[in-house]
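Take a look at the structure below.
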Amino acid sequence: MDAAQAVHEKFLDALAAGRLPDRADAPDPGAAGLSRAAATDIFLSQLTSRQMDRLSRHLQARGEGFYTIGSSGHEGNAAVAAALRVTDMAFLHYRSNAFQLHRARQLPGESATWDMLLSFAASSEDPISGGRHKVIGSKRLNIPPQTSTIASHLPKAVGAAFSIGIARRLGRKGLPLPDDAVVLTSFGDASANHSTAQGAFNTAGWAAFQGTPMPLIFLCEDNGIGISTRTPTGWIEAQFRHRAGLHYIRCDGTDLASAYAGAKAAADYARRTRRPVFLHMATVRLYGHAGSDVQGAYLPKALIEADEARDPLLAGAALMVQQDWMTPAEIAETYEEIGATLARQAEAAILRPKITTPAHVMESLIPPRREVARPNTPSAEDRKAMFGSDAGQMDKPMHMARLLSWALADLMLAHEEIVVAGEDVGPKGGVYNVTAKLHQRFGSARVINTLLDEQAILGLAIGMAHNDFLPMPEIQFLAYVHNAEDQIRGEAATLSFFSNGQYTNPMVIRIAGLGYQKGFGGHFHNDNSLAVFRDIPGVILAVPSNGRDAVHMLRECVRLAREEQRVVVFVEPIALYMTRDLHEEGDGLWTSVYEAPGEGTPIRLGDVGVHGNGTDLAIVTYGNGYYLSRQAEKPLAADGVKARVIDLRWLGPVDEDRLVAAVGEAKRILIVDECRITGSQSEALMATFVERTPGKKLARIAADDSFIPLGKAATLTLPSRDSIYAAAKELLA
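Residue numbers (our numbering): 17 to 749.
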């Protein structure tokens, strides 16, 4: 017999025979603060959740439903919903049907079962994902959607909770999260072992240990197993009961009164103290991990039966009967009526429209534009007061690092919602001094020194964006992003897609990177691969090559985040931060004066830079490659070669029409790519030019497929002025 059917029949048999668990040692609902009406409502949500699980499996068997990781055994999270407010944001894992169903009871006009059935049936009318995934989530219920998460949502929950205190300090009002809100994030005991989860626990505790407000509930729904791997008995409690910065509360999620008492204590503590809580809720997993999982293949029969005896519905029925609130017959009748009603709704849901075109699938990859408040327009006096002695240097040519620092200051002055965060960005001003004086000018609420954890830095940004901040997190080196890249790929970039554009997390992620450093090398500080960003749908990738462009591109990145709600990665070439000269020492050709807001020509998404108008050769490149190609252009010109050098600037997406127009009448195209030849931008560029410019001669030069060594060998595998010159001559031959 199917496991779901077996559990269903055991529940009905127990009701018919009056064989319900003994609650002699269980909490009294009155002592837990539960009235008859409140307890009954929670129990009804639990019954509905169970029938939803059963129905999802039936729909899948008919080919009308998808993704049947269910909530059976975890119905205790309905009591958590009861203990919280709708204004408390909830980042939930996939066994949280009961939570969403019960939260919907707290908001008049909700039709949670119909909405969730549309999701089960992958209808385009599903109000959260538009049929793109079966997710727990609702904009109206303040539940951002999560897909199959392995703790990747915990860092952003930390960021959202942190943002509440920052908003208080800055006096910002009218944000999605009220001043007295708490944030909930739930996960399983197996996920608690994941490095992402451990980083989130550490970050929250680290902040709270120093007195930073962190009104956050970590809800660990401990069912003792992850797919087929058992969690050692007592492991979660041993890990978290005495963890620094976390307040530990334990409750029994299989008992309605215990679950509510624990959740209420956690919510009250987090709301009153503004400190994080670890709510350890014992649960049970019924049916197995997912629809295709058969627990009997790896668990003994006695253990499966013991788990089934802990069914939360049995315990809930026992409470109802003990308190004379419902009879066993009334419970059975109500349960069957719920099932019949859902079955009728499901037949209607499966007939609703589905996604039918690729364009429809992808239409929420790019977030919708939004109306935003006009930025502040600082007066000349305001800017002079902020910049102080720097104001007298702004008419002098400067290198990229200094220009970016001034651009950041102007942006923060104009937009009060911008927050800069990262390791060492505060008083030190960053490793390369790009955030110099920002802490002094804007304070620790807007220039945040984080702990050393890239997952935490990016999660902080995602969570703060949920509360209408515009985060500009800094990753100190490009190589450091790889241990945290799923925060961009799996969380930030997917949010609009899986919420049908209802939820977004606009941000500008600044990353120092790429090769050619002169001071020190090694692949941890000279990482020359951008493929991870180019492979993420919807993410914008910007790579400036000089200070003037960097200033205008950064302003465009902020505009894209504010107005178009985009996730933007802004990679700053380290080797060009302090570069002043192009051809010879002292020529100053790689410096620029600072163009204040409103001055100069803006650089919009897709705009390419073009130097020269020669028709013999077009060199297409970016970043350090543009600098080196400009160097190679000089000896080529001496040889009589009429060339133009094109700076892509925007590597994702590349505006092919503008690029082809920039190449113009040039007969030959040389692509110069400082990233590794396999997986680099040059591959896509070659394909573009083959398809769009037939008849032109093509060649490319890129870095070797190698990591970068230390010392004088650091540039041997990378394109150089001389290798670009040689490749151009060969193409011209």
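The beta carbon of each residue, even a glycine, is placed where N, CA and C say it ideally should be.
Whole-number beta carbon distance between residue j and residue i, since they are thought to touch under 8 angstroms
i	j	result
residue 36	residue 337	6 angstroms
residue 448	residue 561	Wrong, their Cβ atoms sit about 16 angstroms apart, outside the cutoff.
residue 172	residue 107	7 angstroms
residue 478	residue 521	5 angstroms
residue 600	residue 631	Not confirmed; about 28 angstroms, so no contact.
residue 622	residue 671	3 angstroms
residue 299	residue 92	6 angstroms
residue 510	residue 563	Not quite, the Cβ-Cβ distance comes to about 34 angstroms (not below 8 angstroms), so this is no contact.
residue 204	residue 237	6 angstroms
residue 584	residue 573	5 angstroms
residue 180	residue 193	5 angstroms
Backbone secondary structure at residue i - three-state DSSP
i	result
residue 734	coil
residue 201	strand
residue 570	helix
residue 234	strand
residue 55	helix
residue 641	helix
residue 347	helix
residue 449	coil
residue 167	coil
residue 329	helix
residue 162	strand
residue 460	coil
residue 184	helix
residue 154	strand
residue 625	strand
residue 139	strand
residue 408	helix
residue 558	strand
residue 50	coil
residue 242	strand
residue 414	strand
residue 563	helix
residue 189	coil
residue 229	coil
residue 615	coil
residue 123	coil
residue 657	coil
Bounding residues of the alpha helix (DSSP H) (the contiguous stretch that carries residue i)
i	result
residue 322	317-325
residue 376	374-378
residue 23	19-33
residue 507	Where residue 507 is concerned, there is no enclosing alpha helix (DSSP H), given that its DSSP letter is neither H nor E.
residue 497	Element bounds for residue 497: n/a, residue is neither H nor E.
residue 108	Residue 108 -> no alpha helix (DSSP H), and no H or E assigned at all.
residue 216	211-225
residue 550	547-550
residue 80	That residue, residue 80, is in no alpha helix (DSSP H); it is neither H nor E in DSSP.
residue 386	Run containing residue 386: none; DSSP gives neither H nor E here.
Those residues which DSSP pairs with residue i across a bridge
i	result
residue 88	Residue 88 pairs with nothing; no bridge assigned.
residue 429	In DSSP, residue 429 forms no bridge with anything.
residue 636	662, 687
residue 468	Answer by DSSP bridge pairing: none, since residue 468 is not bridged.
residue 490	438, 526
residue 455	Answer by DSSP bridge pairing: none, since residue 455 is not bridged.
residue 696	Answer by DSSP bridge pairing: none, since residue 696 is not bridged.
residue 294	234, 264
residue 716	687
residue 370	139
residue 668	557
Segment limits, beta strand (DSSP E) that includes residue i
i	result
residue 263	263-268
residue 606	Per DSSP, residue 606 belongs to no beta strand (DSSP E) and is neither H nor E.
residue 587	583-589
residue 280	Here residue 280 belongs to no beta strand (DSSP E); instead the alpha helix (DSSP H) covers 272-289.
Residue i at chain C interface by Cβ criterion, 7 angstroms
i	result
residue 278	Included in the structure is just one protein chain, with no chain C present.
Flag this pair as touching only if the segment 351-371 and the segment 299-319 have three or more C-beta atom pairs under 8 angstroms; answer yes or no.
no
Measuring CB atoms only, is the segment 384-394 touching the segment 411-422, in the sense that at least three cross pairs come out at less than 8 angstroms?
no
Three or more beta-carbon pairs under 8 angstroms between the segment 128-147 and the segment 68-81, yes or no?
yes
Given 8 angstroms as the limit, is there contact between the segment 205-216 and the segment 274-291, that is, 3 or more CB pairs closer than that?
no
Is there contact between the segment 651-662 and the segment 728-746, where contact requires at least three CB pairs shorter than 8 angstroms?
yes
For the segment 467-481 and the segment 548-561, state whether three or more C-beta atom pairs, one from each stretch, are separated by less than 8 angstroms.
no
Examine the Cβ distances between the segment 705-719 and the segment 681-692 and report whether three or more of them are shorter than 8 angstroms.
yes
Three CB pairs or more closer than 8 angstroms across the segment 423-435 and the segment 566-581:
yes
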